[in-house]
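Scroll down for the structure; my scribbles are underneath it.
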RNA sequence: GCUCCCUUCGUCUAGUGGCCUAGGACUCCGGCCUCUCACGCCGGCAACAGGGGUUCGAGUCCCCUAGGGAGCGCCA
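In the working numbering, the protein residues as written are 41 to 549.
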């Protein structure tokens, strides 16, 4: 019953997302001739929907996607949801959202494993018939005892094949185990790790069907990769040790062995395993924090991969230059500082119109309505070189849209002093008289006041800046005045003059 | 514990036996530019985990040690 409800939900989500996301749902049915499939590279990303898309998963997806794109192949998304307890529809949603934001479009999928139980059972039955799998009714207690005993004797815990020839009654509760070869070796010829050899004596008879009848990971992965004609399996290196078992199952099934590439993991900035305490781990958190997808992608691709000394890559360059063979073997630590630098780079070089579109929601979060102010594109142009993130850009642009409450203490102390009063008063007069409020005239205006008072431009511009912005940093003074607008400028200069006045009174008292 | 994997500046990396006096990037520190903040430009600090071999020659090949990671589930 639970299973059925679950299926129903998945189908619902599937349909809904297809409608919502729009991307990545093109089905390349023309690939169907099996022969043609074998000739083209087919990669997949196969997350289990038990949480959001984190940066490690995103990089795995990226490498897989690049490998497929580079070779003109197909990139397939498969949802590994056989763990009915932990899989959720929200997670599926979050993963698809993350991939869409990053622009990792898939050619086929999302395919759900929960929809393929019949096929897994078919394969398991086939293995049973061929004597390559068997029923086992060993109790949890027995298995635990086995494990404890092995550990105590400094051995690797292995199932002892106790039920191999016991012919257990199909009607009693049981699991099904794969009969692993007893001797010989399995060689994994990995595209990044090189040749890794395992002794079959290290492996045991793993469970492929649970007591409740559901198939387990190592079986489903093998069946799916094979059925979907995956030519290159690119995944995290936590799966390296599963690979020999999977190869053995594939061989028992008489199926072709795909090429493997096991990617090193991504660690937090302190060198320990990435977790929530490292701040942002979900790719959507990066969106919320004002990162551009191209920056995150560029950062992620350089984690473990390089092309000489090149740091900046366009998507086209990546597809052209990426080579899975150049991927490092060792784990790397996530460094937010460098990501910020890349983000700034992409903000700097982005099209202002495009950026304006992305900035709007971040202004919205500060309860600013971008239409109640100057052209947002002008704001973006003015701030493009001084923001590391869109969040920062919104924050440093707040003064354009509304009056600040207090002057920044240090800035006011330094620039809003009695000596600045004359400059501010002159500026006020001059601005009041100005008929065309544009950058050029505003620039002339500040310059003229400086000259007439025989002051360096900084002596006028800085007090003026603090008066109008509230703090000591902003775009060029002319652009700043222009964006704030005449009315607000005059109002704020008055406020600054009042501040100076008050300060003078206090000094006397 | 056992099996497998990994190890170049703080971080990401270049390096495929002589091009290495170990290069680039981020960070940091100086300086220039400048109306501020940024941007940009110039300069600086900083690494081959340790020990044995092989070789005329080792960051690069081999072995050992140390450190780190993963797997050893009726999780994926």
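The beta carbon of each residue, even a glycine, is placed where N, CA and C say it ideally should be. Predicted model only: the values in this text are computed from it and were never measured.
Whole-number beta carbon distance between residue j and residue i, since they are thought to touch under 8 Å
i	j	result
residue 321	residue 345	Contact flag wrong, Cβ pair sits at about 20 Å.
residue 274	residue 364	7 Å
residue 152	residue 116	Not confirmed; about 12 Å, so no contact.
residue 277	residue 304	6 Å
residue 191	residue 300	Actually they are not in contact, since the Cβ atoms of residue 191 and residue 300 sit about 30 Å apart, beyond 8 Å.
residue 93	residue 135	5 Å
residue 436	residue 423	6 Å
residue 252	residue 212	That pair is no contact at about 14 Å.
residue 392	residue 400	Residue 392 to residue 400, Cβ: 13 Å. No contact.
residue 127	residue 91	With 8 Å as the limit, residue 127 and residue 91 do not qualify as a contact, their Cβ atoms being about 10 Å apart.
residue 157	residue 255	7 Å
residue 384	residue 428	5 Å
Sheet register partners of residue i (DSSP bridge)
i	result
residue 230	234, 300
residue 306	372
residue 148	116
residue 322	94
residue 500	DSSP, once it has assigned bridges, lists no residue as partnering residue 500.
residue 225	239
residue 173	218
residue 255	249
residue 313	307
Residue i - containing alpha helix (DSSP H), residue span
i	result
residue 182	180–192
residue 208	No alpha helix (DSSP H) holds residue 208; DSSP gives it neither H nor E.
residue 160	157–169
residue 82	Element bounds for residue 82: not the alpha helix (DSSP H) but the beta strand (DSSP E), 82–85.
residue 292	283–292
residue 545	526–548
residue 427	Counting along the chain, residue 427 falls outside any alpha helix (DSSP H), and DSSP gives it neither H nor E.
residue 140	129–142
residue 438	438–441
Continuous beta strand (DSSP E) stretch holding residue i: start and end
i	result
residue 273	272–276
residue 248	247–249
residue 218	215–218
Under 9 Å between C-beta atoms of residue i and residue j
i	j	result
residue 168	residue 247	no
residue 493	residue 540	no
residue 340	residue 98	yes
residue 244	residue 174	no
residue 103	residue 362	yes
residue 480	residue 518	yes
residue 109	residue 352	no
residue 533	residue 471	yes
residue 141	residue 323	yes
residue 403	residue 416	yes
residue 426	residue 270	no
residue 525	residue 414	yes
residue 113	residue 154	no
residue 206	residue 302	no
residue 280	residue 335	no
residue 530	residue 504	no
residue 287	residue 236	no
residue 343	residue 372	yes
residue 536	residue 507	yes
residue 396	residue 431	no
residue 139	residue 101	yes
residue 160	residue 249	yes
residue 238	residue 197	no
residue 337	residue 96	no
residue 332	residue 380	no
residue 258	residue 294	no
residue 122	residue 260	yes
Practice problem: Jot down the residue ranges of each uninterrupted alpha helix (DSSP H) in the segment 341–423, minimum 4 residues, whole runs only, in chain order. | Solution: Runs of the alpha helix (DSSP H) inside the segment 341–423: 355–361, 376–389, 392–405, 416–423.
Exercise. Could you tell me which uninterrupted alpha helix (DSSP H) segments, each at least 4 residues in length, are contained entirely in the segment 449–522, listed from first to last along the chain?
Key: With a minimum length of 4 residues, the continuous alpha helix (DSSP H) runs that stay inside the segment 449–522 are 449–455, 458–473, 479–492, 497–509.
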